[in-house]
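Novice: I have a structure I would like to understand better, so I am pasting it below and will then ask my questions one at a time.
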Amino acid sequence: MQRHERIIRLTRRLVERPMAPISISALADAWGAAKSTLSEDVQLVREVLAEDGSGRVETLVGAQGGVRFVPQVARDRAEAFLWDVARRLASPDRVIAGEFLYASDVLGDPDVIDTAGAMVASRFAHAGVEVVVTVETKGIPLAASAARYLHAPLAIVRREQRVTEGASLTTHYVSGSAKRIQTMSLSTRLVPRGARALIVDDFMRAGATARAVAELIGEFGGEVCGTAVFMATSQPAQKMVADYVALLEVGPVREGGFDVRPNLGALERRASHVD
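1580 is the number that our numbering gives to position 128 of the sequence shown; each next residue is one higher, with no gaps.
Set out below in structure tokens:
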């Protein structure tokens, strides 16, 4: 196998499976190449991806060994992306009855969801995420994208318990927006006992849903290592969850449209869970 073909295959394996460890020894055996040669290839790919700002290639030590690709969205690209999405959402024709913001088309745009998922994954790449948890239904695309970039399974909290989900844990909570008692359930097979979970959703107003999900995860003996949402309202300023990341902040209706702004603080990488 010639070097250019080897590099293309190596890059594709890394980028197509973010956060998944790749054994250099296994590749050396499969491709009939020396490990030292592959290490040189990895270094070249690492330099190119770092210069491009699309991610980092990390070397894994210990029992895992090998390398993995950690997704990243270059800051200038991330800022441009957030401002573009904010402009789309701020349009006056998106205000619907009850002063709600229509965003289903944006949340269904594959380019938006892919980039937003990569941004969430980059922020929590070193938080030790073992499962991504979301609530049906609008948050599923973003959560699925983040889960793919984090190489973690996706667990969906249901509004109603389903027979097909098997045994489930159920909780009741008071919705922050509707001000009424809601129910949610999570299959006991979806979240491993004691798993570190990242909560991902499309929207946060008061944070009641996110807090209820966190409490549900706690029933599994799990630990919430972060909460990320596509949009969060500026009011109430004090949410029911202490720590969360929102890509966009939605303010009050002004001149017929919502005041939507990027939360540039979301671009700062979260402190590492592991050194």
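Idealized CB from N, CA, C, for every residue including glycine.
Computed from a predicted structure; not experimentally measured.
Give me, in chain order, the residues of the same chain whose beta-carbon lies closer than 6 Å to that of Gly1507; leave out the 5 immediate sequence neighbours on both sides.
Specialist: Closer than 6 Å at Cβ, skipping near neighbours: Leu1501, Phe1521, Val1522, Pro1523, Gln1524.
Novice: With H, G and I counted as helix, E and B as strand and the rest as coil, what does DSSP make of Gly1569?
Specialist: Reduced to three states, the DSSP call for Gly1569 is helix.
Novice: Hey, would you say Ala1568 sits closer than 8 Å to Val1584, going by beta carbons?
Specialist: In this structure, Val1584 does not lie closer than 8 Å to Ala1568 by Cβ.
Novice: For Ala1530, count the other beta carbons within 10 Å of its own beta carbon; 16 or more makes it buried, fewer makes it exposed. Which is it?
Specialist: With 16 or more Cβ atoms within 10 Å of its Cβ, Ala1530 is classed as buried.
Novice: Where does Glu1720 fall in DSSP's three states?
Specialist: In the structure shown, Glu1720 sits in coil (DSSP, three-state: anything other than H, G, I, E or B).
Novice: Between Gly1505 and Leu1512, is the Cβ-Cβ spacing less than 8 Å?
Specialist: Not in contact: Gly1505 and Leu1512 (Cβ atoms no closer than 8 Å).
Novice: What does a CB cutoff of less than 6 Å around Gly1673 pick up in its chain, not counting 5 residues either side in sequence?
Specialist: Result list for Gly1673: Arg1645, Gly1646, in chain order.
Novice: Using CA coordinates, which residue listed in Ala1579, Ala1532, Met1571, Pro1593 is at the minimum distance from Ser1429?
Specialist: Nothing in the structure corresponds to residue 1429, since the chain is present only between 1453 and 1727.
Novice: Is the Cβ-Cβ distance between Val1693 and Ala1538 less than 8 Å?
Specialist: No, the pair does not count as a contact, with Cβ atoms beyond the cut-off.
Novice: For Tyr1554 and Glu1720, I'd like the C-alpha separation in whole angstroms.
Specialist: Each residue's alpha carbon lies about 28 Å from the other.
Novice: In whole angstroms, what separates the C-alpha of Ser1627 from that of Ser1491?
Specialist: Going by the C-alpha atoms only, they are around 53 Å apart.
Novice: At the level of alpha carbons, what is the spacing between Ala1619 and Arg1611?
Specialist: The alpha-carbon atoms of Ala1619 and Arg1611 are separated by roughly 15 Å.
Novice: Give the single residue among Glu1617, Tyr1601, Ser1637 whose Cα lies nearest to the Cα of Pro1473.
Specialist: Considering only alpha carbons, the answer is Tyr1601.
Novice: Do you know offhand how far Val1702's Cα is from Leu1534's?
Specialist: When rounded, the distance between both Cα atoms is 12 Å.
Novice: Per DSSP, which one or two residues make a beta bridge with Ser1639?
Specialist: In DSSP, Ser1639 forms a bridge with Ser1620.
Novice: In chain order, what residues of the same chain lie with their CB nearer than 7 Å to the CB of Pro1688, ignoring the 5 residues before and after it?
Specialist: Closer than 7 Å at Cβ, skipping near neighbours: Ala1658.
Novice: When you compare only the Cα positions, how much space is there between Cys1677 and Ala1579?
Specialist: Between Cys1677 and Ala1579, the C-alpha separation is close to 6 Å.
Novice: So what's Leu1650 in DSSP terms, helix, strand or just coil?
Specialist: Note: Leu1650 maps to strand in three-state DSSP.
Novice: What separation, rounded to the nearest whole angstrom, lies between the Cα atoms of Arg1469 and His1603?
Specialist: About 7 Å.
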